[in-house]
Amino acid sequence: MTRDVLVVGAGVAGLVAARRLVDRGVRVRVLEASGRIGGRVRTHRFPGGAAVDLGAMRLPPESHRTLALVEELGLGARLRPFRTMFGHADDVVLRPTGPVRVADAGPVLAAEARGLAGRPLDERRAGALGWLVAVVDALGPPEARRSVRADAPAIAAGLSDDVPGGPAGLAGRLRGDDDLRGRCGAGLAGFVLDLASELDPALCTLEGGLGVLTDRLAAGLPVELDRPVVGIAAADDHVTVTTADGYRSVHDAVVCTAPVPVLRTMSLFGLPTGDHELVATTPYGAATKVGVALRAPVRPTGGGSFVGGVARQLYLPDAVPGRAAAALAGYAIAEDAEGLGALPADERHARVLADVDRALPGFTDLVVGTASVAWADEPWARGCVARRPARLRGTRRLAFAGEHTADRPAWVESAVASAVAAVDQVVRSPRP
């Protein structure tokens, strides 16, 4: 049986793998390249205690492994609803005519949909299609936004009498309707599952941010920070790991959770040819987030608004009496994130706040602190999410884990599931 395993990376996947290995009686070390644990879970805490997630921030209800882990770690009482995009009547939908409240958006969106559909639509179908366009505009990358407009006539032709309305209605129907999803071009079809998950009213998060989860996972584990790995060589009976200081260590097995762009910077030996190809070719997307501390909550109940501009998405949490308030004032992905992330931090923050203030006048007056992360510029991430799964096979002694290796990149659940699978892979390998 494997007795000595090195885990590369102290994000969710690495920490889960390390805990499960310890549970099996395996000796474990965890090497983390950066000076912090959490990987792409990054909860920023402002002076005064306000917290905002600048990385992963929500858990869909189908995150069964993650939610079980939350309970296992004694964090179940800290689960809270995550107020998602357009979940509140006072959330804002930016349209070409200007910002409009969710409660008032139906007729505006239906009129847009009729212009895109190329055919007459009754109120129900027009409303459903209009909301789909609005949510893709808010949540989707530019490719999906172009696709939903090009696909609108085909989608409209396939709408049934019972198509559900509201922001999440048609997105949810697309997830479960193969015929309707088949009417979408590649730019939209590849985004449908994530779109439906992001709009799910049962989304949850943790009080204090998802960093609470990684902090609890790391407790008691032998994690060494500021230890970048620069080389991994897999042999039949061992794996050799080289760190940036030139030190080499030999292990029964290794679980590597480094993101693909970071793997590209390493010397990798002994992998299947297909793995080398995946490392070289898997595309990554960017994300940039701007969080703010507030002197007071904007309103009692949170929600998500599409404010456009460079800010794109705004998320307000529920107000909690006696607790400092914060908000995610800007969240951009893909090409939008690259442009926002390229700005100096002060300019980035100022432009995001200007965009939010146009949609929610007076918002800037509440801001008392700002913080942001451009994930494409983080040296130990070099991006936010794999644009397609990198199903790295590894070897019997070298397993890869992380959201990028799973069918649904970007979600915490994928990181957890991949870590469990990686542990099974290396623990089954015979001890030399």
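Here the sequence shown is numbered in the UniProt record's numbering, starting from 1 and rising by one per residue.
A virtual CB, placed ideally from N, CA and C, is assigned to each residue, including glycine.
Cβ shell of residue i (< 7 Å), same chain only, five flanking positions each side left out
i: Gly130; result: Leu109, Ala110, Glu112, Ala113
i: Gly274; result: Arg393
i: Ser267; result: Val230, Gly231
i: Tyr247; result: none
i: Ala202; result: Pro61
i: Arg325; result: Note that residue 325 is Ala in the sequence shown here, rather than Arg. Excluding positions up to five away in sequence, the list reads Ala50, Leu294, Ala296, Pro297, Ala319.
i: Thr405; result: Pro389, Ala390, Arg391, Leu392, Ser418
Element boundaries [alpha helix (DSSP H), containing residue i]
i: Leu217; result: 211-218
i: His349; result: 345-359
i: Val22; result: 12-23
i: Ser197; result: 192-198
i: Gly176; result: 169-176
i: Asp161; result: Taken as a continuous stretch (DSSP letters only), Asp161 belongs to no alpha helix (DSSP H), as it is neither H nor E.
i: Pro110; result: Rather than Pro, the amino acid found at residue 110 in this sequence is Ala. From DSSP, the alpha helix (DSSP H) with Ala110 extends over 106-117.
i: Ala244; result: Looking at the DSSP string, Ala244 is not in any alpha helix (DSSP H), and its letter there is neither H nor E.
i: Gly187; result: 186-189
Own chain, CB closer than 8 Å to residue i, minus 5 neighbours either side, in chain order
i: Ala280; result: Arg264
i: Pro153; result: Leu116, Ala117, Gly118, Arg119
i: Arg95; result: Ala105, Val108, Leu109, Glu112, Ala134
i: Glu123; result: Ala110
i: Ala381; result: Gly39, Arg40, Pro259, Pro261, Val262, Trp375
Run of the beta strand (DSSP E) containing residue i, from where it starts to where it stops
i: Leu139; result: It is not in any beta strand (DSSP E) - Leu139 instead sits in the alpha helix (DSSP H) that spans 123-139.
i: Asp151; result: Not the beta strand (DSSP E): Asp151 falls in the alpha helix (DSSP H), residues 142-157.
i: Ala253; result: 253-256
i: Arg312; result: 312-316
i: Val5; result: 4-8
i: Gly231; result: 229-234
i: Leu206; result: 204-206
Contact under 8 Å by Cβ, residue i with residue j
i: Thr243; j: Ala401; result: no
i: Val41; j: Val7; result: no
i: Ala50; j: Met85; result: no
i: Arg397; j: Val239; result: yes
i: Leu59; j: Val412; result: yes
i: Gly303; j: Ala329; result: no
i: Asp91; j: Val102; result: yes
i: Ala168; j: Leu199; result: yes
i: Val385; j: Ala410; result: yes
i: Val136; j: Leu195; result: yes
i: Leu170; j: Ala144; result: no
i: Val423; j: Leu366; result: no
i: Leu193; j: Arg175; result: yes
i: Gly38; j: Gly11; result: yes
i: Gly285; j: Gly190; result: no
i: Arg146; j: Gly87; result: no
i: Val223; j: Val5; result: no
i: Leu221; j: Ser34; result: no
i: Val260; j: Ala390; result: yes
i: Arg80; j: Cys204; result: yes
i: Pro272; j: Arg387; result: no
Heavy atom of the ligand ADP within 7 Å of residue i beta-carbon
i: Leu121; result: This structure lacks the ligand ADP; in fact it carries no ligand of any kind.
Same chain, Cβ closer than 6 Å to residue i, neighbours up to 5 away in sequence not counted
i: Arg408; result: Ser414
i: Thr288; result: Ala332, Ala337, Leu340, Gly341, Ala374
i: Pro142; result: Glu335
i: Asp53; result: Thr43, Gly209, Leu210
i: Thr370; result: Val292, His349
i: Thr395; result: Ala234
i: Gly89; result: Reading off the sequence shown, one finds Ala at residue 89, where the question assumed Gly. Excluding positions up to five away in sequence, the list reads Val102, Ala103.
i: Ala126; result: Ala110, Ala113, Arg114
i: Cys184; result: Asp151
When you compare the stretch 155-162 with the stretch 207-227, are there three or more beta-carbon pairs, one atom per stretch, that lie closer than 8 Å? Segments in contact, no.
Entirely within the stretch 261-288 and at least 3 residues each: give me those beta strand (DSSP E) ranges in chain order. Those beta strand (DSSP E) runs which fall completely within the stretch 261-288 and span 3+ residues are 267-269.
The stretch 304-314 / the stretch 352-360 touching (three or more Cβ pairs under 8 Å): Yes: the two stretches touch, three or more of their Cβ pairs being nearer than 8 Å.
Check whether the stretch 411-423 and the stretch 61-73 are in contact - that is, three or more C-beta pairs closer than 8 Å. Result yes; three or more Cβ-Cβ pairs closer than 8 Å.
Quick test of the definition: if touching needs 3 or more C-beta pairs under 8 Å, does the stretch 318-325 touch the stretch 333-353? As far as the Cβ criterion goes, the stretch 318-325 does not touch the stretch 333-353, which means the pair count is below three.
Only counting runs of 4 or more residues, tell me where the alpha helix (DSSP H) segments fall wholly within the UniProt domain "Amine oxidase" (12-104), in order along the chain. Counting whole runs of 4 or more residues, the UniProt domain "Amine oxidase" (12-104) contains the alpha helix (DSSP H) stretches 12-23, 64-72.
The stretch 214-223 contacting the stretch 14-21, beta-carbon criterion three pairs below 8 Å: Yes: the two stretches touch, three or more of their Cβ pairs being nearer than 8 Å.
For the stretch 363-427, which segments carrying the alpha helix (DSSP H) assignment without a break, of at least 4 residues, lie completely within its bounds, in sequence order? Counting only runs of 4 or more, we get 412-427.
What beta strand (DSSP E) runs, 3 residues minimum, are completely inside the stretch 291-341? Within the stretch 291-341, the complete beta strand (DSSP E) runs of at least 3 residues are 303-308, 312-316, 325-333.
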